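S.K.: Structure below; questions to follow.
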Amino acid sequence: MENMQSAVDNLVHSSNTLFILLGAVMVLAMHAGFAFLEVGTVRQKNQVNALSKILSDFAVSTLAYFFVGYWISYGVTFLQPAAALNVDHGYSLVKFFFLLTFAAAIPAIISGGIAERARFSLQLCATVLIVAFVYPFFEGVVWNGNFGLQAWLQARFGAGFHDFAGSVVVHAMGGWLALAAVLLLGPRNGRYRDGRLVAFAPSSIPFLALGSWILIVGWFGFNVMSAQTLPAVSGLVAINSLMAMVGGTVAALVVGRNDPGFLHNGPLAGLVAICAGSDLMHPIGALVTGAIAGALFVWCFTAAQGKWKIDDVLGVWPLHGLCGVWGGIACGIFGQSALGGLGGVSLISQLIGTTLGIVVALCGGFAVYGAIKVVLGLRLTQEQEYYGADLSIHKIGAVSQD
Numbered sequence: 001m002e003n004m005q006s007a008v009d010n011l012v013h014s015s016n017t018l019f020i021l022l023g024a025v026m027v028l029a030m031h032a033g034f035a036f037l038e039v040g041t042v043r044q045k046n047q048v049n050a051l052s053k054i055l056s057d058f059a060v061s062t063l064a065y066f067f068v069g070y071w072i073s074y075g076v077t078f079l080q081p082a083a084a085l086n087v088d089h090g091y092s093l094v095k096f097f098f099l100l101t102f103a104a105a106i107p108a109i110i111s112g113g114i115a116e117r118a119r120f121s122l123q124l125c126a127t128v129l130i131v132a133f134v135y136p137f138f139e140g141v142v143w144n145g146n147f148g149l150q151a152w153l154q155a156r157f158g159a160g161f162h163d164f165a166g167s168v169v170v171h172a173m174g175g176w177l178a179l180a181a182v183l184l185l186g187p188r189n190g191r192y193r194d195g196r197l198v199a200f201a202p203s204s205i206p207f208l209a210l211g212s213w214i215l216i217v218g219w220f221g222f223n224v225m226s227a228q229t230l231p232a233v234s235g236l237v238a239i240n241s242l243m244a245m246v247g248g249t250v251a252a253l254v255v256g257r258n259d260p261g262f263l264h265n266g267p268l269a270g271l272v273a274i275c276a277g278s279d280l281m282h283p284i285g286a287l288v289t290g291a292i293a294g295a296l297f298v299w300c301f302t303a304a305q306g307k308w309k310i311d312d313v314l315g316v317w318p319l320h321g322l323c324g325v326w327g328g329i330a331c332g333i334f335g336q337s338a339l340g341g342l343g344g345v346s347l348i349s350q351l352i353g354t355t356l357g358i359v360v361a362l363c364g365g366f367a368v369y370g371a372i373k374v375v376l377g378l379r380l381t382q383e384q385e386y387y388g389a390d391l392s393i394h395k396i397g398a399v400s401q402d
């Protein structure tokens with residue numbers, strides 16, 4: 001009997017390790033989606049820089065999270081013998097890998113907002129500070145119960161702040177950090193003339209669409225594998241992610257009047273919004289959540305660029321920041337049993353947790369990028385921006401004319 005129990009335990013641990021490893025690989029693949037979404041949206045003279053930023057940011061994010069950030073979030077350090085780390089088939093190591101891909105999404109999100117005029121090396125510096133300190137602080141509060149906020153919300157309102165896969169912890173955090181950086185950088189040269197918006201057309205709609213599709217597919221690893229173990233996996237998460245994606249697509253298609261840029265960002269808006277409550281909502285609630293997110297993205301992207309003169313190149317603040325906030329709130333609405341959800345969620349707790357995420361992101365963003373701006377400077381020179389980041393920084397263009 002002991003041998004049988006040992007064999008069963010061994011199978012459970014190995015299955016859980018493989019499960020979360022597959023999730024980590026799927027979310028890792030999403031970074032290719034971030035890269036190509038940016039490559040297709042920026043002008044051709046900045047395509048190499050877009051690709052280089054995403055890969056470099058992931059590398060320095062890994063170092064920052066491995067040595068500092070993961071310890072701040074969960075109190076876990078990897079400075080111990082390999083024999084100790086490999087317990088239960090190394091599940092704790094693969095869990096780090098999975099959560100790292102979430103952390104590394106933060107600079108990938110920011111990259112799209114500050115594209116075409118930010119200095120490359122200084123963005124890497126900002127990435128280290130954000131992934132080592134700013135993001136892990138809020139991640140630990142929400143997902144590890146640090147500082148007692150979740151316990152207080154549970155005692156006061158009957159439920160803690162619920163964010164199953166990171167509408168607020170990851171996406172809103174990235175979007176509001178990006179807003180701080182974008183405001184400190186200012187608009188690209190020539191973007192506004194005589195107070196009017198000048199259109200900068202995307203360099204490649206096919207690359208933009210490819211990036212969107214890679215993100216869509218990877219998102220099912222992002223959401224479903226957030227269960228982190230096989231016994232906790234839920235088909236409800238998968239179908240809710242699907243319905244929110246479809247709702248965001250249709251809404252962006254209609255409200256965006258067939259614009260391919262809006263169309264391919266619509267499903268991403270829906271997926272951002274469903275992360276928080278994907279394990280609680282009824283599929284119809286998920287559809288409505290995604291549809292509202294898709295429309296919200298189109299309206300706010302248009303207003304930010306035209307009325308508010310916020311030159312957020314990929315619209316990461318509307319897409320991740322505002323749709324992430326909507327996701328946190330929507331979880332508290334459509335997660336209620338009265339609206340077909342599973343219940344166990346408090347709208348007040350959702351509002352408090354979401355607001356805290358915004359505050360942490362804005363304070364962290366202005367602190368990190370503000371300090372870098374004062375000490376070292378954030379922007380390329382006017383000449384470097386004119387010739388493009390590809391030639392100015394990387395000394396090579398995206399295509400050869402030979």
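Each step along the sequence shown adds one to the number in UniProt numbering, with nothing skipped, and position 127 is 127.
Even glycine gets a Cβ: it sits at the ideal position worked out from N, Cα and C.
From a predicted model like this one, the values you see are computed outputs, not experimental measurements.
#1: State the DSSP-derived secondary structure class of Leu79, mapped to helix, strand or coil.
#2: With a threshold of 8 Å, are at least 3 pairs of Cβ atoms found where one atom belongs to the stretch 237 to 250 and the other to the stretch 176 to 193?
#3: Mapping the DSSP letters down to three states, classify Val165 as helix, strand or coil.
#4: What are the residues that DSSP puts in a beta bridge with Tyr192?
#5: Alpha carbon to alpha carbon, what distance is there between Gly218 and His264?
#6: Alpha carbon to alpha carbon, how far is Pro260 from Leu208? Give it in angstroms, no decimals.
#7: Looking only at its own chain, which residues have a Cβ that is under 8 Å from the Cβ of Tyr387, when we skip the five neighbours before and after it?
#8: So, for Ser111: in the same chain, excluding its five sequence neighbours on each side, which residues have a beta-carbon less than 8 Å away from its beta-carbon?
#9: Take the Cβ of Asn16 as the centre, count every other Cβ of all protein chains shown within 10 Å, and call the residue buried at 16 or more, exposed below.
#10: Taking one C-beta from the stretch 67 to 80 and one from the stretch 232 to 239 each time, how about it: are there three or more such pairs within less than 8 Å?
#11: May I ask which residues mark the beginning and end of the alpha helix (DSSP H) holding Gly397?
#12: Is the CB-CB distance between Val169 and Trp143 below 8 Å?
#13: Helix, strand or coil: which one does DSSP assign to Arg119?
#14: Skipping 5 residues on each side, what residues in its chain have a beta carbon closer than 7 Å to that of Ile214?
#15: Mapping the DSSP letters down to three states, classify Arg43 as helix, strand or coil.
#16: Near Gly145, what residues of its chain come up, given a Cβ to Cβ distance below 7 Å and the 5 sequence neighbours on each side ignored?
#17: Ordered along the chain, which non-local residues of its own chain (more than five positions away) have a Cβ less than 6 Å from that of Leu267?
#18: Go to Asn265, then tell me how far its alpha helix (DSSP H) extends in each direction, as first and last residue.
#19: Considering only the beta carbon of each residue, do Asp279 and Gly113 sit closer than 8 Å?
#20: Kindly list the residues whose CB is nearer than 7 Å to the CB of Ser234, restricted to its own chain and excluding five residues on each side of it in sequence; keep chain order.
#21: Whose C-alpha, out of Arg188, Leu184, Phe133, is nearest the C-alpha of Ala115?
#22: For Arg379, which residues does DSSP report across the bridge?
#23: With DSSP collapsed to three states, give me the class of Met281.
#24: Give a yes or no on whether the C-beta atoms belonging to Gly160 and Ile72 are separated by under 8 Å.
#25: Just the Cα atoms here: how many angstroms apart are Phe157 and Val345?
#26: Are the stretch 128 to 138 and the stretch 355 to 362 in contact at 8 Å, needing three or more beta carbon pairs?
#27: Under 8 Å Cβ to Cβ from Val182, same chain only, skipping five residues before and after it: list those, please.
#28: Alpha carbon to alpha carbon, how far is His171 from Ala84?
#29: Answer with buried or exposed for Lys395, where buried requires no fewer than 16 other C-beta atoms within 10 angstroms of its C-beta.
#30: Looking only at its own chain, which residues have a Cβ that is under 8 Å from the Cβ of Val198, when we skip the five neighbours before and after it?
#31: Measure the alpha-carbon distance for Ile292 versus Leu129 and round it to whole angstroms.
#32: Identify, in the order they occur along the chain, each residue of the same chain with its Cβ nearer than 7 Å to the Cβ of Asp390, setting aside the five sequence neighbours on each side.
#33: Please work out which residues of its chain come closer than 6 Å, Cβ to Cβ, to Ala269, disregarding the five sequence neighbours upstream and downstream, and give them in chain order.
#34: State buried or exposed for Pro231, treating a residue as buried only when at least 16 other CB atoms are found within 10 Å of its CB.
#35: Going by CA-CA distance only, name the one from Thr289, Gly315, Val8 that's closest to Trp299.
#36: Considering only residues of the same chain and omitting the five flanking positions on each side of Lys147, which have a CB-CB separation below 7 Å?
M.R.: Inspection of the coordinates gives the following:
#1: Residue mapping note: residue 79 aligns to position 79 of the sequence shown, counting from 1. In this structure, Leu79 counts as coil in the three-state DSSP scheme.
#2: no
#3: The residue you call residue 165 lines up with position 165 of the sequence shown. Sequence inspection shows Ala at residue 165; the Val mentioned does not correspond to that position. If DSSP states are grouped into helix, strand and coil, Ala165 belongs with coil.
#4: In the sequence shown, the residue the question calls residue 192 occupies position 192. In the DSSP output, where bridge partners are listed per residue, Tyr192 has Leu197.
#5: For this step, residue 264 is matched to residue 264 along the sequence shown. For this step, residue 218 is matched to residue 218 along the sequence shown. In a straight line, the C-alpha of His264 is about 15 Å away from that of Gly218.
#6: As a first step, residue 208 is located in the sequence shown; it is residue number 208 there, counting from the start. As a first step, residue 260 is located in the sequence shown; it is residue number 260 there, counting from the start. Pairing Leu208 with Pro260, the inter-Cα distance amounts to about 9 Å.
#7: Mapped onto the sequence shown, residue 387 falls at position 387. The answer, listed in chain order, is Lys45.
#8: For the purposes of this step, residue 111 is identified with residue 111 of the sequence shown, where counting begins at 1. For Ser111, where only same-chain residues beyond five positions count, the Cβ hits under 8 Å are Phe34, Glu38, Ala50, Lys53, Ile54, Asp57, Gln123.
#9: As a position in the sequence shown, residue 16 is number 16, starting the count at 1. Asn16 should be labelled buried.
#10: Fewer than three pairs of CB atoms, one per stretch, sit closer than 8 Å, so the stretch 67 to 80 makes no contact with the stretch 232 to 239.
#11: Looking up residue 397 in the sequence shown gives position 397. From DSSP, Gly397 is part of no alpha helix (DSSP H); its letter is neither H nor E.
#12: What you label residue 169 is simply residue 169 of the sequence shown in a count that begins at 1. What you label residue 143 is simply residue 143 of the sequence shown in a count that begins at 1. Yes, Cβ-Cβ distance for Val169 and Trp143 is below 8 Å.
#13: Numbered from its first residue, the sequence shown carries residue 119 at position 119. Coil at Arg119, not helix or strand.
#14: Within the sequence shown, numbered from 1, the residue matching residue 214 stands at position 214. Ala29, Met30, Ala32, Gly33, Phe36.
#15: For the purposes of this step, residue 43 is taken as the residue at position 43 of the sequence shown. Of the three classes helix, strand and coil, the one that applies to Arg43 here is coil, per DSSP.
#16: Here residue 145 is taken as the residue at index 145 of the sequence shown, counted from 1. These residues qualify, in order along the chain: Ala151.
#17: Translated into the one-based positions of the sequence shown, residue 267 becomes position 267. The question names Leu, but residue 267 is Pro in the sequence shown. Excluding sequence neighbours, Pro267 sits near Ile216, Met245, Gly248, Thr249.
#18: The sequence position of residue 265 within the sequence shown is 265, counting from 1. Counting along the chain, the alpha helix (DSSP H) containing Asn265 begins and ends at 260 to 274.
#19: Within the sequence shown, the letter at position 279 stands for residue 279. Within the sequence shown, the letter at position 113 stands for residue 113. When the beta-carbon positions are compared, Asp279 and Gly113 stay at least 8 Å from each other.
#20: To locate residue 234, count along the sequence shown from 1; it is residue 234. Here the set comprises Ala227, Asp279.
#21: In the sequence shown, the residue the question calls residue 115 occupies position 115. Closest by alpha carbon: Arg188.
#22: Within the sequence shown, numbered from 1, the residue matching residue 379 stands at position 379. Answer is Ala118, bridged to Arg379.
#23: By one-based count along the sequence shown, residue 281 stands at place 281. DSSP places Met281 in coil when its eight states are reduced to three.
#24: Within the sequence shown, numbered from 1, the residue matching residue 160 stands at position 160. Within the sequence shown, numbered from 1, the residue matching residue 72 stands at position 72. Taking 8 Å as the Cβ cut-off, Gly160 and Ile72 do not qualify as a contacting pair.
#25: Taking the sequence shown and counting its residues from 1, the one referred to as residue 157 is at position 157. Taking the sequence shown and counting its residues from 1, the one referred to as residue 345 is at position 345. Rounded to whole angstroms, Phe157 to Val345 spans 9 Å at the Cα level.
#26: Touching, per the Cβ criterion.
#27: Locating residue 182 in the sequence shown gives position 182, where the first residue counts as 1. Cβ within range, chain order: Gly113, Ile114, Ile310, Asp311, Asp312, Trp317.
#28: Translated into the one-based positions of the sequence shown, residue 171 becomes position 171. Translated into the one-based positions of the sequence shown, residue 84 becomes position 84. In a straight line, the C-alpha of His171 is about 33 Å away from that of Ala84.
#29: Numbered from its first residue, the sequence shown carries residue 395 at position 395. Exposed, since its Cβ has fewer than 16 Cβ neighbours within 10 Å.
#30: Locating residue 198 in the sequence shown gives position 198, where the first residue counts as 1. Result list for Val198: Gly190, Arg191, Tyr192, in chain order.
#31: Position 292 of the sequence shown, counted from the first residue, corresponds to residue 292. Position 129 of the sequence shown, counted from the first residue, corresponds to residue 129. Their backbone Cα atoms lie some 33 Å apart in a straight line.
#32: Sequence index remark: in the sequence shown, residue 390 carries index 390 (1-based). Excluding positions up to five away in sequence, the list reads Lys45, Asn46, Gln47, Val48, Asn49, Ile396, Gly397, Ala398.
#33: Taking the first residue of the sequence shown as 1, we reach residue 269 at position 269. Hits under 6 Å: Gly248, Ala293, Gly294, Phe297, Leu319, Cys323.
#34: Working through the sequence shown from its first residue, we reach residue 231 at position 231. Exposed, because fewer than 16 other Cβ atoms sit within 10 Å of the Cβ of Pro231.
#35: The residue labelled residue 299 in the question sits at position 299 within the sequence shown. Answer by Cα proximity: Gly315.
#36: As a first step, residue 147 is located in the sequence shown; it is residue number 147 there, counting from the start. Residue identity check: residue 147 is Phe in the sequence provided, not Lys. Result list for Phe147: Val141, in chain order.
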